[in-house]
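Residue numbers (the working numbering): 84 to 274. Heads up: the structure comes next, in structure tokens.
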Amino acid sequence: MTAGERWDAKYTDWREPGPPSDFVTSSAELLAGCPSAVELAGGAGGTALWLASQGIDTTLVDVSGRALEIARVAADERGLRLRTVQADLESDPLPTVDELGGEGGWHAAVCTNFLHRPLLGALDALLAPGGIALVLIATVDNLLHNPRPGRPFLVKRGELPELCGGLEPVSFEEGWFGRRHEARLVARCPS
Ligand SMILES: C[S@@+](CC[C@H](N)C(=O)[O-])C[C@H]1O[C@@H](n2cnc3c(N)ncnc32)[C@H](O)[C@@H]1O
């Protein structure tokens, strides 16, 4: 079974995109006036649709065709423009900016709850100079209260800024957000 088929199965019962990430919506001030954004492994598009609703030209990338279809239907219903790209970010070569339709690099890149270390190390190549990355991954401490996600999907304490090495940290928080222990990084692509 491919990653796409596996994730399609998980999205079978989904009808709606779900809410946007509070980490991203709480960065609204930073994103204000941002012309374009890409959300990587953004699933059914709750966050991507919120970005689009802010007037940002938004591209949603995910391996699940089913998730992308849910996002597209919701975008149509809400009168929002959303570009979707189906790609396997782990086994395919990383898509280039041009392949994903982000001329000259995106002004924002969002990746939440999807850990593929080479992807995080390549975020600077997807961003325009001065562009902002918002990355949220649960840490291994999350296992103290939650059996999932499993260890392969979790960062070690202090690891996230190192993984996004090509970017300059703007803010980095690690701790309990509700019942989840998360690393939350906002970083900027050098100009
Ligand atoms: C835990 S969900 C997170 C979804 C969303 N980012 C969020 O925070 O709610 C992981 C997402 O990664 C996608 N995904 C898993 N493997 C992938 C891959 N190899 N390439 C691209 N997307 C993938 C899944 O389809 C799913 O939407």
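We put the beta carbon where it would ideally sit given N, CA and C, even for glycine.
Residue(s) in a DSSP beta bridge with residue i
i: C194; result: L123 and V218
i: P252; result: A270
i: G258; result: E265
i: L114; result: Per DSSP, none; premise fails for L114.
i: L143; result: E122 and T167
i: V238; result: T222
i: L210; result: W189
Reference residue i, options the options, closest by Cα
i: E160; options: S254, E99, G249 and V269; result: E99
i: V144; options: W133, L172 and P118; result: L172
i: A131; options: Y94, A211 and C194; result: C194
i: L210; options: T142, E112 and Y94; result: T142
i: L114; options: V253, L202 and L134; result: L134
i: Q137; options: P201, A124, S110 and L123; result: S110
i: R262; options: N225, L163 and D140; result: N225
i: V253; options: V156, H190 and I215; result: I215
i: V218; options: P103, T85 and V107; result: V107
i: L163; options: I139, P201, G213 and Q169; result: I139
i: A157; options: A170, E257 and G128; result: G128
i: H190; options: G116, A86, F197 and W90; result: G116
i: G213; options: G101, S147 and G249; result: G249
i: P118; options: A192, V146 and A170; result: A192
i: A170; options: G188, N196 and E122; result: E122
i: E251; options: R271, F236 and W90; result: R271
Where residue i falls, given that 16 or more other Cβ within 10 Å makes a residue buried
i: T222; result: buried
i: E88; result: exposed
i: A208; result: exposed
i: E245; result: exposed
i: D96; result: exposed
i: A92; result: exposed
i: R267; result: buried
i: S174; result: exposed
i: S274; result: exposed
i: P103; result: buried
i: W259; result: exposed
i: T85; result: exposed
i: G125; result: buried
i: E112; result: exposed
Residue-chain proximity (residue i, chain D), Cβ-Cβ < 8 Å
i: H190; result: Although the question refers to chain D, the structure presented lacks it and comprises just one protein chain.
Is it a yes or a no for the stretch 163 to 180 touching the stretch 225 to 243, going by three-plus beta-carbon pairs under 8 Å? no
Would you say the stretch 240 to 258 touches the stretch 149 to 156, given that touching needs at least three Cβ pairs under 8 Å? no
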